[in-house]
Amino acid sequence: MSPIDRDESSRFVGRRHFLLGAAGLAVATGLGGLSRVARAQAAPAAGPFSLMKLPYADNALDPVISSNTIGFHYGKHHKGYVDNLNKLVAGTDLADKSLAKVVAATAGNAEKVAIFNNAAQVWNHDFYWMSLKPGGGGEPPAELAKLMEASFGSVAACKDELKKAALGQFGSGWAWLAMDGGKLVVVKTGNADNPTTKGMKPLLTIDVWEHAYYLDYQNKRADYVQAVLDKLVNWGFAAKNLA
Ligand code: MN
12 MSPIDRDESS RFVGRRHFLL GAAGLAVATG LGGLSRVARA QAAPAAGPFS LMKLPYADNA
72 LDPVISSNTI GFHYGKHHKG YVDNLNKLVA GTDLADKSLA KVVAATAGNA EKVAIFNNAA
132 QVWNHDFYWM SLKPGGGGEP PAELAKLMEA SFGSVAACKD ELKKAALGQF GSGWAWLAMD
192 GGKLVVVKTG NADNPTTKGM KPLLTIDVWE HAYYLDYQNK RADYVQAVLD KLVNWGFAAK
252 NLA
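The sequence shown lines up with residues 12 to 254 when you count with my numbering.
This is the structure in structure tokens:
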């Protein structure tokens, strides 16, 4: 499922949570032992956009990404972007649009920069969690491996380019594998920006904001990126996004 499709379903879930708000709140308050992540998921969404459900348990990426990092990154940062976006679009014509359409409609508009930043950060984080999986890494599916060889010479060279982009991004941002026309490219973007704003089709991303790795790796961004590429990267998700 592409993130754009997921966006439609997450908006649906958001409305359901809204309708079932009282019941959801009763469940949330009755389970004091829930993890930070589960509490975030149980909370009713006050707006059209909702926090996606993580595709794995909050400790499933251990030890590369700890449940402590997930608790803050997903449960606080990602949730914060969703909450801010809901507040910012309330009562505007953007409230009825899909997440991808909000990103496209606000990109490059100086008056809508706060909406763009929060919408794109929700989109980017949805895409990031899907770009990882427990027991990831390894060899990409054949179709993707062929494209990597055609564009970079080898799978290893493509991974090196991703690592270079992730380490070369000055300050907060993202490293991406993307399709630009018929060609596979590696790009980096700053802050909330993503390759869709330049007409590219993202296949995979690595979050290189410090909140993605600081609790586990402190200043060693290279160790985080290498471990993600070796052990968590979800090449199957990237290959599916080729379709
Ligand atoms: Mn992040």
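Note that CB positions come from ideal geometry on N, CA and C, so glycine has one too.
### Message
Can you give me the C-alpha to C-alpha distance between I76 and V124, rounded to a whole angstrom?
### Response
One alpha carbon belongs to I76, the other to V124, and they sit about 30 Å apart.
### Task
Counting only the same chain and skipping the five closest in sequence on each side, list residues whose C-beta sits under 6 Å from that of C169.
M159 and F163, listed in sequence order.
### Task
Measure the alpha-carbon distance for V114 versus K209 and round it to whole angstroms.
Our two residues, V114 and K209, have alpha carbons roughly 12 Å apart in a direct line.
#### Entry: Residue from Q132, A111 and S165 whose Cα sits closest to the Cα of L155
Nearest of Q132, A111 and S165 to L155, Cα basis: S165.
### Message
I'd like to know whether the C-beta atoms of G201 and Q180 end up nearer to each other than 8 Å.
### Response
The answer is yes: Cβ separation under 8 Å.
### Query
Could you give the distance in angstroms between the alpha-carbon of G193 and the alpha-carbon of A250?
The alpha-carbon atoms of G193 and A250 are separated by roughly 14 Å.
### Task
Specify the secondary structure class of I81 as computed by DSSP and reduced to three states.
DSSP places I81 in helix when its eight states are reduced to three.
### Message
What ranges does the beta strand (DSSP E) occupy inside the segment 122-153, keeping only unbroken runs of at least 3 residues that lie completely in it?
### Response
Listed in chain order, there is nothing to give.
### Task
Consider the C-beta atom of A203 and the heavy atoms of the ligand MN; say whether any pair is separated by less than 7 Å.
For A203, the distance from the CB to the nearest heavy atom of the ligand MN is not below 7 Å.
### Task
Using only the heavy atoms of the ligand MN, determine whether one of them is closer than 7 Å to the beta carbon of W134.
No, the Cβ of W134 stays beyond 7 Å of every heavy atom of the ligand MN.
### Residues that T216 bridges to, as DSSP identifies them
Looking at the DSSP assignment, T216 forms a beta bridge with W187.
#### Entry: T103 - partner residues in DSSP beta bridges
As DSSP reads the structure, T103 sits in no beta bridge.
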